[in-house]
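Numbering-wise (the numbering used here), the sequence shown opens with residue 14 and increments by one.
Note that beta-carbon positions come from the ideal geometry of N, C-alpha and C, so glycine has one too.
Please read these numbers as outputs of a predicted model, since none were measured by experiment.
As structure tokens, the structure follows; a few thoughts come after it.
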Amino acid sequence: MAELQFSRGVKEEVVPDIRITRAKDLSDATATFYFDRPKALVEEGGEITGLYMVDEEGELTTRDVNGKFVNGEPAGVEAVFVMRGQDEWDRFIRFMDRYSRDSGLGLTKN
């Protein structure tokens, strides 16, 4: 089961909007996750220590996580995951395949 977590062991129920970009030479890539009012941000006692992408292969992690607030109220969370090289890209895509299947997501190419 592939899942996203903001705090280890606590599954985030909100499915994010995910945008993926990759360098023309295929060297680096970036995945930007945007969660609209995630459970970790709006629940009392929710703690965000990073974004953890957990599946049967292990864990991918980013600490580049920022809360978004509108008029002092929690609105969302943005997390950026940077991949360097083909191996990191391949691992991320395997995670996303599993997460997409488990969450009922689709792919839209621009």
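Residue i in three-state terms, based on DSSP
| i | result |
| --- | --- |
| Leu-17 | strand |
| Leu-54 | helix |
| Glu-69 | coil |
| Glu-86 | strand |
Inter-residue CB distance, residue i and residue j (contact presumed, cutoff 8 angstroms)
| i | j | result |
| --- | --- | --- |
| Ile-61 | Val-78 | 6 angstroms |
| Val-67 | Glu-16 | 6 angstroms |
Given residue i as reference, the closest of the options once Cα atoms are compared
| i | options | result |
| --- | --- | --- |
| Lys-37 | Gln-99, Thr-75, Val-67 | Gln-99 |
| Val-25 | Asp-49, Ala-44, Gly-71 | Checking the sequence shown, residue 25 turns out to be Glu, not Val. Of the candidates Asp-49, Ala-44, Gly-71, the one whose C-alpha sits nearest the C-alpha of Glu-25 is Asp-49. |
| Ala-53 | Gly-71, Asp-41, Val-27 | Val-27 |
| Tyr-112 | Ala-88, Ile-31, Gly-22 | Ile-31 |
| Val-95 | Val-23, Leu-73, Tyr-47 | Leu-73 |
Short CB-CB distance (under 7 angstroms) between residue i and chain C
| i | result |
| --- | --- |
| Asn-84 | Judged by its chain identifiers, the structure shown contains no chain C, having just a single protein chain. |
Identity of the residues DSSP links to residue i by a beta bridge
| i | result |
| --- | --- |
| Ala-44 | Ile-33, Phe-94 |
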